[in-house]
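With my numbering applied, the sequence shown covers 6 to 220. Down below is the structure, laid out as structure tokens.
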Amino acid sequence: VDESAPYPSRWLCHYPHSKALAEQHVLGSNGRSELLTCSLRPHLIWGPRDRHLIPRLLDRARRGRLRRVGDGMNLVDMVYVENAAAAHLAAADALKEGSPVAGRAYFISQGEPVNCWDWINEILSLAGIPPVEKSMSLPTAWRMGFVLETLWKLLRLKSEPPMTRFLAAQLATSHYFDISRARADFGYKPAISTAEGMRRLGEEVSGSNKRSDVS
Numbered sequence: 006v007d008e009s010a011p012y013p014s015r016w017l018c019h020y021p022h023s024k025a026l027a028e029q030h031v032l033g034s035n036g037r038s039e040l041l042t043c044s045l046r047p048h049l050i051w052g053p054r055d056r057h058l059i060p061r062l063l064d065r066a067r068r069g070r071l072r073r074v075g076d077g078m079n080l081v082d083m084v085y086v087e088n089a090a091a092a093h094l095a096a097a098d099a100l101k102e103g104s105p106v107a108g109r110a111y112f113i114s115q116g117e118p119v120n121c122w123d124w125i126n127e128i129l130s131l132a133g134i135p136p137v138e139k140s141m142s143l144p145t146a147w148r149m150g151f152v153l154e155t156l157w158k159l160l161r162l163k164s165e166p167p168m169t170r171f172l173a174a175q176l177a178t179s180h181y182f183d184i185s186r187a188r189a190d191f192g193y194k195p196a197i198s199t200a201e202g203m204r205r206l207g208e209e210v211s212g213s214n215k216r217s218d219v220s
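Given below as structure tokens:
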């Protein structure tokens with residue numbers, strides 16, 4: 006999939022929809038009052054000092070609430086945090102009058118799809134947590150997500166349901182993107198490999214595991 010793909014006709018939750026609306030507003034502002042804009046689409050930013058993705062993953066695994074959804078063969082392509090930052094700097098430097106960057110959207114990732122559950126289990130291993138063994142089918146997770154979303158809405162709960170249709174789809178289906186446009190237009194290159202990113206992440210999560218053992 007590359008940037009020529011249209012926006013979805015329907016959205017599973019507000020999060021991706023809000024991203025699309027923001028991108029359309031940003032790109033629509035390009036060229037107004039000498040303003041130049043572009044939009045970067047970094048996919049699943051991860052790395053040390055993450056306060057969103059990795060902590061949630063480890064917490065669910067430690068509490069035995071992490072299950073593989075689907076057949077476990079789906080591929081995903083994330084982006085290490087320093088590569089995402091470097092992409093923003095490179096795009097900003099290239100954002101000039103007459104540049105192909107102005108008014109365009111760009112996927113940003115490692116450029117190397119990996120098995121989603123192998124990646125998750127590698128992170129768990131770094132933290133001293135056993136791999137995910139329990140699983141459920143995508144249809145089961147989808148139905149569960151629908152029921153929980155409805156229940157949370159009816160009860161007006163502010164917390165996040167343990168399963169949603171969006172999360173089920175993310176965990177069970179392959180989704181990765183062509184970053185050729187970013188490479189060509191502003192020289193994006195993921196300098197930090199996934200293996201090196203894992204090594205750096207391991208230094209942090211192994212330490213957090215020792216602290217949790219002590220506590």
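Just so you know, even glycine gets a beta-carbon here, dropped at the ideal spot from N, CA and C.
For the 8 Å CB-CB criterion, residue 124 and residue 73 do not form a contact.
Beyond the five residues adjoining it in sequence on each side, residue 51 comes within less than 8 Å, by CB distance, of 58, 59, 83, 84, 85, 86, 202 and 206 in the same chain, given in chain order. Put simply, the stretch 95 to 105 touches the stretch 183 to 203. At least three CB pairs are less than 8 Å apart. The stretch 66 to 81 makes contact with the stretch 137 to 157, as at least three CB pairs between them are under 8 Å. Per the Cβ contact rule, the stretch 153 to 172 is not in contact with the stretch 183 to 190 (fewer than 3 Cβ pairs under 8 Å). In the three-state scheme derived from DSSP, where H, G and I count as helix and E and B as strand, residue 168 is classed as coil. In this chain, the alpha helix (DSSP H) harbouring residue 23 covers 19 to 33. In the DSSP annotation of this structure, residue 197 is not part of any beta strand (DSSP E), being labelled neither H nor E.
Residue pairing by DSSP places residue 110 opposite 44 in a beta bridge.
172 is the residue among 172, 182 and 27 whose C-alpha sits nearest the C-alpha of residue 71. Residue pairing by DSSP puts residue 50 in a beta bridge opposite 84.
The straight-line gap separating the alpha-carbon atoms of residue 44 and residue 32 is approximately 7 Å. For residue 152, the uninterrupted alpha helix (DSSP H) run begins and ends at 143 to 160, by DSSP. Ranked by how close their Cα comes to the Cα of residue 79, the residues 174, 46, 210 and 209 have 174 in first place.
By the 16-neighbour rule on beta-carbons within 10 angstroms, residue 103 is exposed. Sixteen is the threshold: when 16 or more other Cβ atoms of the shown chains lie within 10 Å of the Cβ of residue 199, as they do, the residue is buried.
When DSSP states are grouped into helix, strand and coil, residue 93 belongs to the helix group. If you draw a straight line from the Cα of residue 153 to the Cα of residue 48, it is about 26 Å long. A direct Cα-Cα distance of roughly 8 Å separates residue 182 from residue 116.
Pairing residue 210 with residue 132 gives a Cβ-Cβ distance under 8 Å.
For residue 140, DSSP records a beta bridge to 73.
If you look at residue 60, you'll find it in the alpha helix (DSSP H) that goes 58 to 67.
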